[in-house]
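Undergrad: Attaching a single structure in structure tokens format; questions to follow.
Residue numbers (the working numbering), protein chains in the order written: chain C, 94 to 208; chain U, 2 to 111.
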């Protein structure tokens, strides 16, 4: 089946630094990738949708200058959390749609802790 | 705005019992509904996807039904096993995005 990987799986950083999270589709080309965040015992909330070669579309309330998304190829999207603060600590999950499929394939997630 | 609700929030059953998980959504204009499994600290695994034109989908011990007009879906897990312990999420697809419920956390006691 389709596999999506994320790197790193876990990251701890100091407040004010930037962190980059990678999302890769390993065995298929992903025209669209999605970034979610999940707080403990809560639902996944969509942050942004990225299409290869174009700017990401951010959901209402998500700061695009803080959460930078780049989708430079059909297999890689990156999320950079800039000037991270403790309230940015969360579980970040990406997903990808293959070509001509309704199914979203999810990555294993990245646990970000900002001290 | 689509609202997805899952009841109950948590469920504990003895091994062998059948599980019934409920999902409701407010906007019936959906393309599909998907059930996922999430283990602690992990990503999501897709279990079943039901297109809006379908009434149910089955995979092994899992069966999911969809009543789009009433905004409801039910996931049935037959003969539960300790390995079924996880959080189960339902998500509905609107025009471009998935809207998730908060999940039902299931514990199957051996």
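The beta carbon of each residue, even a glycine, is placed where N, CA and C say it ideally should be.
Since this is a predicted model, take the numbers as computed values, not measurements.
Which class does residue 115/C belong to by DSSP, given the choice of helix, strand or coil?
TA: Note: residue 115/C maps to strand in three-state DSSP.
Undergrad: For the beta strand (DSSP E) holding residue 1/U, just list the boundary residues, first then last.
TA: This structure leaves residue 1/U out entirely; chain U is present only between 2 and 111.
Undergrad: Using DSSP with H/G/I as helix, E/B as strand and the rest coil, what is residue 180/C?
TA: Of the three classes helix, strand and coil, the one that applies to residue 180/C here is helix, per DSSP.
Undergrad: Taking its Cβ as the centre, do 16 or more other Cβ atoms sit within 10 Å of residue 107/U, making it buried, or is it exposed?
TA: That one is buried.
Undergrad: Taking the alpha carbon of residue 104/U as the reference point, which residue from 14/U, 47/U, 18/U, 22/U has its own alpha carbon closest?
TA: The residue with the shortest Cα to Cα distance from residue 104/U is 22/U.
Undergrad: Reducing DSSP to helix, strand and coil, say where residue 68/U ends up.
TA: Strand at residue 68/U.
Undergrad: Determine the burial state of residue 120/C: buried for a count of at least 16 other Cβ atoms within 10 Å of its Cβ, exposed for fewer.
TA: The residue is exposed, with fewer than 16 neighbouring Cβ atoms inside 10 Å.
Undergrad: Please compile the residues from chain U whose C-beta is within a distance smaller than 8 Å of the C-beta of residue 109/C.
TA: Here the premise fails: no neighbours, minimum Cβ distance about 26 Å.
Undergrad: For chain U, check one thing: does any of its Cβ atoms lie closer than 8 Å to the Cβ of residue 136/C?
TA: Judged by the 8 Å Cβ criterion, residue 136/C is in contact with chain U.
Undergrad: Name the chain U residues whose beta carbon is nearer than 8 Å to that of residue 201/C?
TA: Going along chain U in sequence order, the residues near residue 201/C (Cβ under 8 Å) are 43, 44.
Undergrad: Which residues in the same chain as residue 111/C place their Cβ atom closer than 8 Å to its Cβ, once the five residues preceding and following it in sequence are excluded?
TA: The answer, listed in chain order, is 173, 174, 175, 176, 177.
Undergrad: Nearest CA to the CA of residue 44/U: which residue from 96/C, 207/C, 191/C?
TA: It is 96/C whose Cα lies nearest to the Cα of residue 44/U.
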